[in-house]
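For the sequence shown, the working numbering assigns the number 12 to the initial residue and increments by one for each residue that follows.
C-beta atoms are modelled at their ideal positions from N, C-alpha and C, and glycine is treated no differently.
Keep in mind the model is a prediction, meaning the values are calculated, not measured.
Step one of this worksheet: look at the structure below.
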Amino acid sequence: MTTLWLYVLSGEELGRVESFQTTELTIGRGEDVDLRLQSATVSRHHARLQVQSGGRLWIQDLNSTSGTYLAGERIDRAAVPEGAILRLADVEMRVRVELAHAAPVEEQPMELELEGEWEEGVAVAQRASAPAPAPTPPKPAAKPLAPSAKDKRRAEQVGNLGGASRAEAAGGRKRVLQYSQHSTQYGLGGGDFEQRSPLVKFLAVILGLALLGGLAYGAFYLTQTARSAGVEEIGPE
Numbered sequence: 012m013t014t015l016w017l018y019v020l021s022g023e024e025l026g027r028v029e030s031f032q033t034t035e036l037t038i039g040r041g042e043d044v045d046l047r048l049q050s051a052t053v054s055r056h057h058a059r060l061q062v063q064s065g066g067r068l069w070i071q072d073l074n075s076t077s078g079t080y081l082a083g084e085r086i087d088r089a090a091v092p093e094g095a096i097l098r099l100a101d102v103e104m105r106v107r108v109e110l111a112h113a114a115p116v117e118e119q120p121m122e123l124e125l126e127g128e129w130e131e132g133v134a135v136a137q138r139a140s141a142p143a144p145a146p147t148p149p150k151p152a153a154k155p156l157a158p159s160a161k162d163k164r165r166a167e168q169v170g171n172l173g174g175a176s177r178a179e180a181a182g183g184r185k186r187v188l189q190y191s192q193h194s195t196q197y198g199l200g201g202g203d204f205e206q207r208s209p210l211v212k213f214l215a216v217i218l219g220l221a222l223l224g225g226l227a228y229g230a231f232y233l234t235q236t237a238r239s240a241g242v243e244e245i246g247p248e
């Protein structure tokens, strides 16, 4: 609902304030008007106020004797700016339009144009007032890679070695006895000889044959020497 507020600024009714919930009203001295004034200079039907769409106020003179004035000029019909003073004959008044459920006027932000060193100061202040960046969420942990075939074989070998070590630990006493039995074997056919390299084995065989040959030659030589000695003893007699 639109409300018209009227303030009397001069005459016998100075300070009078009236309000009407309407978009149109008549002012005059007659009994059938909306706002009745007591001044004798005001006509019975002096002027009419109208509120159009958007809250714009208009005033129209109703062929009054003393006339209707706006900003000091007599008018027949005119738009009334906000805060303007009207004069009907010798009575001055001001009219204010109040629109129901009017949206509040949005204040425009002030813009300052700064020059020189002010711009650098404003930039520093903006950086200081800027919100801190949101923390970066931690990256998800990388999934473990599936073991390759090579790794599986290596794990199996390690497992086999572990099993063998446990078996050796369990049967350690028996292996010590076996080692003692093998350590008593001597000769070229012993356990140590079997673990030698082929070159060592070959040299050992050659050395063994040389020793056998030397022994055979020594025996042959001793036999021949003994025979020669026996023949010499028999011969001179």
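Euclidean distance between Cα positions of Pro92 and Leu20:
Rounded to the nearest angstrom, the gap between the Cα atoms of Pro92 and Leu20 is 17 Å.
Give the C-beta separation of Thr37 and Gln61 to the nearest angstrom, bearing in mind that I take them to be a contact with Cβ-Cβ under 8 Å.
That belief does not hold up - the Cβ atoms of Thr37 and Gln61 are roughly 10 Å apart, past 8 Å.
Thr13 versus Arg67: straight-line alpha-carbon distance, rounded
About 11 Å.
Could you tell me if Ser30 is buried or exposed, where buried requires 16 or more neighbouring beta carbons within 10 angstroms of its beta carbon?
Flag for Ser30 reads exposed.
Is the beta carbon of Glu24 closer than 9 Å to that of Val102?
Yes, they are a contact pair.
Answer with buried or exposed for Arg59, where buried requires no fewer than 16 other C-beta atoms within 10 angstroms of its C-beta.
Counting Cβ neighbours within 10 Å, Arg59 comes out buried, since at least 16 surround it.
Does DSSP classify Gly26 as helix, strand or coil?
Look at Gly26 here: in three-state DSSP terms it is coil, with no helix or strand label.
Beta carbon proximity, Val216 to chain C, threshold 9 Å:
Chain labels in this structure do not include chain C; a single protein chain is all it has.
What does DSSP give as the partner residue(s) for Gly39 in the beta ladder?
Gly39 pairs with Arg47.
Tell me the DSSP bridge mates of Leu97?
Bridge partners of Leu97: Leu81, Met104.
Coil, strand or helix - Gln71 by DSSP:
DSSP, read as helix, strand or coil, puts Gln71 in strand.
Are the beta-carbon atoms of Gln49 and Gly83 separated by less than 9 Å?
For Gln49 and Gly83, no; Cβs fall outside 9 Å.
Excluding five sequence neighbours on each side, which residues of the same chain lie with their C-beta closer than 6 Å to the C-beta of Gln71?
Correct list, in chain order: Arg59, Arg88.
Look at Thr79 and Leu97 and say whether their C-beta atoms are less than 9 Å apart.
Yes.
Cα-Cα separation between Tyr228 and Ser208, rounded to whole angstroms:
It is roughly 30 Å from the alpha-carbon of Tyr228 to the alpha-carbon of Ser208.
Per the DSSP calculation, Tyr18 is bridged to which residue(s)?
The partner list for Tyr18 (beta bridge, DSSP) reads Val28, Arg105.
Quick one: residues in its chain with C-beta nearer than 7 Å to the C-beta of Ala111, no 5 flanking neighbours on either side, listed in chain order?
Cβ neighbours of Ala111 beyond the five flanking positions: Met12, Thr13.
Please classify Leu223 as buried or exposed, where buried requires at least 16 neighbouring CB atoms within 10 angstroms.
Flag for Leu223 reads exposed.
Whose C-beta lies closer than 7 Å to the C-beta of Arg184 among residues of the same chain, with five residues either side of it excluded?
Any answer about Arg184 is weak, because its pLDDT of 48 lies below 50 and its placement is not dependable; what the coordinates show is given next. So no residue of the chain qualifies.
Does the Cβ-Cβ distance between Leu46 and Val108 come in under 9 Å?
Going by C-beta atoms, Leu46 is not nearer than 9 Å to Val108.
Whole angstroms is fine: what's the gap from Gln235's alpha carbon to Gly225's?
The alpha-carbon atoms of Gln235 and Gly225 are separated by roughly 15 Å.
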